[in-house]
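This report refers to the structure that appears directly beneath it.
Numbering (the UniProt record's numbering), first residue to last: 1 to 234.
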């Protein structure tokens, strides 16, 4: 239902991972393209980041610039759409204190389009009786499924077992998709490397930091739309 779209910092973390593995910038770029397609960083950007890493600059966040546009989280935009999906680009821009083009790009990144005056996931433009002969609705993973995902991921991570509690992780990821849980684990590993390039263990603190970067992106309004549609056509 929700496709994970990596942000810039997440992709830079992957570049750092491949840099540590002694891969070249070209190899790292090729892997990103194979995995993320159009969402991958460009070859030039990959080479620029590899140059930074070679100069011992492992800061993955953008450096603050005077006059830079105001930043906002996708969650802020999603919450506004939850409250009123009929808001215009102008109205959303004023609330978030950014221009309309910034809002438009972010909505596009979230896969949202306007339909009959409301912002809806672009998939719903296809969901019309007679256009598709079969629709399979897959909801968010339940507690048992989330635990299974964590067990698989943590099996391949060097964690401090006395600190990282799988029950707590399952509890904290109630609204996460499977892809977002996978991204969370990867982000925790990246946080460990950001702290110490030679790190071998991932701690609870790293997972706590990862929760700040990887948040659930499936708003209640989206789930409601799918369920309402299913009730209407079934």
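Glycine included, every Cβ here is placed at the ideal spot set by N, Cα and C. Note that the coordinates shown come from a computational prediction; the quantities given were computed from them, not determined experimentally.
Inter-residue Cα distance where the pair is residue i and residue j
i	j	result
residue 113	residue 55	42 angstroms
residue 8	residue 53	16 angstroms
residue 34	residue 158	26 angstroms
residue 12	residue 47	11 angstroms
residue 190	residue 209	10 angstroms
residue 31	residue 18	10 angstroms
residue 176	residue 43	31 angstroms
residue 220	residue 82	7 angstroms
residue 218	residue 22	36 angstroms
residue 98	residue 178	31 angstroms
Helix, strand or coil at residue i according to DSSP, with G and I counted as helix
i	result
residue 157	coil
residue 214	coil
residue 164	coil
residue 116	coil
residue 289	With the chain running from 1 to 234 in the structure shown, residue 289 is simply not present.
residue 97	coil
residue 35	helix
residue 40	coil
residue 177	coil
residue 88	coil
Member of the options whose CA lies at the smallest distance from the CA of residue i
i	options	result
residue 51	211, 81 and 24	24
Practice task
Report yes or no: do the region 186 to 195 and the region 85 to 101 share at least 3 C-beta pairs separated by less than 8 angstroms?
Solution key: no
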